[in-house]
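Each residue of the sequence shown is one higher than the last, beginning at 35 in the numbering used here. Every residue gets a Cβ at the ideal spot worked out from N, C-alpha and C, and that includes glycine. Because the structure is a prediction, the values reported are computed rather than measured. Have a look at the structure below before the remarks.
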Amino acid sequence: MKAALTLLLWLACQWPLPAHADAIPVDLELVLAVDVSESMDPEEFAIQRAGYAAALRHPGFIRAVLSGPNGRIALSYFEWAGTVRRRSIVPWQVIDSADSARAFAEMLEALPAGVFRGTSISAALDFGTSSIETNGFDGARLVIDISGDGPNNFGGPVEQARDAAVSSGIVVNGLPILIRPSPIFPAIDSYYAECVTGGPGSFVLPIRTTAEFATAIRRKLILEVSGASPDPQVIPAQANAPVDCLIGERTRQRLSDRFYPELDR
35 MKAALTLLLW LACQWPLPAH ADAIPVDLEL VLAVDVSESM DPEEFAIQRA
85 GYAAALRHPG FIRAVLSGPN GRIALSYFEW AGTVRRRSIV PWQVIDSADS
135 ARAFAEMLEA LPAGVFRGTS ISAALDFGTS SIETNGFDGA RLVIDISGDG
185 PNNFGGPVEQ ARDAAVSSGI VVNGLPILIR PSPIFPAIDS YYAECVTGGP
235 GSFVLPIRTT AEFATAIRRK LILEVSGASP DPQVIPAQAN APVDCLIGER
285 TRQRLSDRFY PELDR
């Protein structure tokens, strides 16, 4: 009897349990990672956040969510600068109706506002990857949607964080903001395409005027939720000539020997 029980226990150990056996199945796990570095002025910040809230309420977004096999996605949101802003996190929620999407938009709108020093795209990607890996959902697709108007200049190398996300099965899409291009590095869309985005079907969707915010954000979310291929106006990731993925770090070192992002609060 003891030998039989030992054999059964041994056989059980050889049969691997499925990862996240009790995880909730969804069509997509989507992280919205939004730049609030001080290069974003208060007007851009307000328009950007309002654009996300409006996109979540839009009937086209709701239709895309409901059209999937499960009819639901898992969604989280946070803002970042030199660090991830802990007070800006909207934790993971199931979006499966207009009501749940509207509730998420209201939580987003209620967050404290502010812009902060530093641009750590790598910290945002690392946080988004960890959040997806530990969230208790089982998504058919995994996406980090990251916006920004400047290159990484603090924390680990951005390519390393991007590659870690992609190796975990996550697609990283970019929303580079070129409303006021930096004279030091104006081609932020090329930087996002080469250094930030990655994974099968990844893309960047540049924003060049404040009037484009709401439309571009809505279009991007619908593409991500539906899993549709981007149209030719969207730049496929890694489609441009190589760029210096350490340009932000090199520029920061050249302009200043000291850099202190605000403490997270």
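(request) Run through the region 89 to 163 for me and flag every whole alpha helix (DSSP H) of 4 or more residues, listed as ranges in chain order. (result) 93 to 100, 132 to 143
(message) Only counting the same chain, and skipping five residues up and downstream in sequence, which positions put a Cβ closer than 7 Å to that of S122?
(response) F112, E113, L145
(request) To the nearest angstrom, report how far apart L280 and A199 are at their CA atoms. (result) 18 Å
(request) Please report how far the alpha carbon of Y11 lies from the alpha carbon of V65, in whole angstroms. (result) Not covered by the structure: residue 11. The range shown for the chain is 35 to 299.
(message) What does the alpha-carbon distance come out to for the pair F219 and P276?
(response) 14 Å
(request) With DSSP as the reference, label S181 as helix, strand or coil. (result) strand
(request) Tell me whether D69 sits in a helix, a strand or coil according to DSSP, three-state version. (result) strand
(message) DSSP three-state label for L64, please.
(response) strand
(request) Have a look at V149 and S73 and give me their C-alpha separation to the nearest angstrom. (result) 8 Å
(request) Could you spell out the range, first to last residue, of the alpha helix (DSSP H) harbouring L257? (result) 247 to 260
(message) Going by DSSP, what residue range makes up the beta strand (DSSP E) through D172?
(response) 171 to 173
(message) Below 8 Å, how does it come out for the region 176 to 187 and the region 131 to 146: are there three or more Cβ pairs, yes or no?
(response) no
(request) Give the single residue among S202, L209, D130, L255 whose Cα lies nearest to the Cα of I222. (result) L209
(request) Could you name each continuous alpha helix (DSSP H) segment of 4 residues or more that falls completely within the region 216 to 244, going from the start of the chain to the end? (result) 222 to 225
(request) Could you check what DSSP says for K36 in three-state terms: helix, strand or coil? (result) Residue placement at K36 cannot be trusted, given a pLDDT of 39 that sits under 50; what the coordinates show is reported in the next sentence. K36: helix per DSSP, three-state reduction.
(request) Report yes or no: do three or more beta-carbon pairs, one from the region 87 to 95 and one from the region 158 to 168, lie closer than 8 Å? (result) no
(request) With DSSP as the reference, label P276 as helix, strand or coil. (result) coil
(message) Tell me the rounded alpha-carbon separation between L257 and I251.
(response) 10 Å
(message) Applying the 10 Å Cβ sphere with the 16-neighbour rule, what's the burial state of A245?
(response) exposed
(request) Please state whether DSSP places G190 in a helix, a strand or coil. (result) coil
(message) By alpha-carbon positions, which one of S263, S260, I241, G261 ends up nearest to I81?
(response) I241
(message) With the cut-off set at 8 Å, would you say I96 and A157 are in Cβ contact?
(response) no
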